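Using full-length UniProt numbering, the letters of the sequence shown correspond one by one to residues 1 to 348.
Structure record follows, encoded as structure tokens.
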Amino acid sequence: MTINALREAMQQSGVDAMWISGPSNVRAISGFTHPKDGKVLVTAQEATLFTDARYTVQARDESRLPQVVARPPETYELAAQSVKGQRVGFEAEHLTVANLEDLRKYWPDATLVPLRGVIEGLRAVKSEEEIAAVQAAQDLADRAFAHARPMIKAGVREWDVALAIEAFLRQEGAENAFDVIVASGPRGAMPHGAASMRVMQDGELVTVDMGARLNGYHSDMTRTVAIGTPSSEMRRVYHAVLEAEEAAVKAVKPGVRAADLDQLARDILTGHGLGEAFAHSLGHGVGLDVHEVPGLRGSSEDVLKPGMIITIEPGAYLPDVGGVRIEDLVLVTEDGYRVMSHSPKENV
Ligand SMILES: CSCC[C@H](N)C(=O)N1CCC[C@H]1C(=O)O
């Protein structure tokens, strides 16, 4: 994302300047890798990173923007001159009420305008470098999954599988993109069933949803695997989810509406009597955050564009019985798609 693209978006949003406080947005625009302690002010003439003295060297070494080193309220006082008489957009989703009160107090001559999703929209299409960064995170996640897969057997705790994945990622200089989900047997009915101390049993399906965070970029992938032979009902559910997943992946191309892709997968599951069991959206963008634009859900207005990285992750959840989710990470290309996740899908 370039500053020029942001200035164009600012113009379209009717502001002269923008105060950026969302950590991933600060990182995207500045390159600074401790963005929780950074803010960026972009005006028509300047773009400046504000951080404090703990990061003087780090900001100098990492940021492509000029820096001002200060702590609030001095930060606001130093920026006040640049925003005088300006319409200044702020990120409504990322600014606390207390911070907004501070801006009002220290920038009495600015008009503050709440904005939503301006930078997130620009971040949805990734550069070649960003695509390579997400691919590196996914390649590492594939290796971590292969390392942990043999541990998924009767008598082992979900927790130990998650631990093996996390240790593998950390050995390689990465970390979990989110708490590893290992949901076995009836816990499979919980889409966000983070690993528990439950001991996995023969005949169960186990859903593992995991990602790596490497150099700030995330990956996201889910596999559901079997221990022994699951019930014929759960195998039926598995193959229905697999059918929906593969069909949705094949339909990925520029110009497709995210909502239509969600509907396509939902229709297939509904045909198998599992429409109600698909309790979440089909997927989401992935990059500096695990969940980004575009949103692949019924209410989404997003349209797929080349350079977007999305997940396709239909699932079916049967309370007290179990669940299945299968997820691939997919790049939207000029003429279709490229699957970025390569862990095998098992024939349960
Ligand atoms: C806590 S991050 C979860 C990552 C996962 N792959 C994911 O995005 N989802 C699992 C259930 C649906 C979807 C979600 O919307 O959270």
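Cβ atoms here follow ideal geometry from the backbone N, Cα and C, with glycine treated the same way.
Every value quoted in this text rests on a predicted model; they were computed, and no experiment measured them.
Item                                                                                                                                                          : Value
Taking 8 Å as the cut-off, does the segment 47-64 touch the segment 118-127 (at least 3 CB pairs, one atom from each stretch)?                                : no
Quick check on the DSSP output: the alpha helix (DSSP H) that includes Asp260 runs from which residue to which?                                               : Ala258 to Gly271
Strictly by DSSP, which residues pair up with Ala316?                                                                                                         : Val324
Suppose the cutoff is 8 Å on Cβ atoms and the five residues either side in sequence are ignored; what does the same chain contact list for Met308 look like?  : Ala124, Val125, Lys126, Gly285, Pro294, Leu331 and Val332
Output the boundary residues of the alpha helix (DSSP H) element that contains Ala248.                                                                        : Ser232 to Lys250
Considering only residues of the same chain and omitting the five flanking positions on each side of Lys153, which have a CB-CB separation below 8 Å?         : Met200 and Ile227
May I ask which residues mark the beginning and end of the alpha helix (DSSP H) holding Lys105?                                                               : Val97 to Tyr106
Could you say which of Gln135, Ser82, Val134 and Glu130 lies nearest to Thr111 if we only look at CA atoms?                                                   : Ser82
Let me know if residue 362 comes out buried or exposed under the rule of 16 or more other beta-carbons within 10 Å of its beta-carbon.                        : Nothing can be reported for residue 362, as the shown portion of the chain is limited to 1 through 348.
Could you tell me which residues DSSP pairs with Arg213 in its beta bridges?                                                                                  : Glu175 and His218
Using the beta carbon as the reference atom, which residues fall closer than 5 Å to any heavy atom of ligand 1, ordered along the chain?                      : Phe178, Pro191, Asp209, Asp220 and His280
Note down the Cα distance separating Pro73 from Ala80, rounded to an integer number of angstroms.                                                             : 11 Å
Looking at the secondary structure, which residues open and close the alpha helix (DSSP H) in which His280 lies?                                              : First-last for His280: undefined, no H or E at that position.
Suppose you measure from the CA of Leu274 to the CA of Lys345; what does that come to, to the nearest Å?                                                      : 20 Å
Taking one C-beta from the segment 155-164 and one from the segment 132-143 each time, how about it: are there three or more such pairs within less than 8 Å? : no
Unbroken alpha helix (DSSP H) runs of length 4 or more, entirely within the segment 117-178: which are they?                                                  : 118-123, 128-148 and 158-171
Do Leu318 and Ala148 come within 8 Å of each other at the CB atom, strictly closer than that value?                                                           : no
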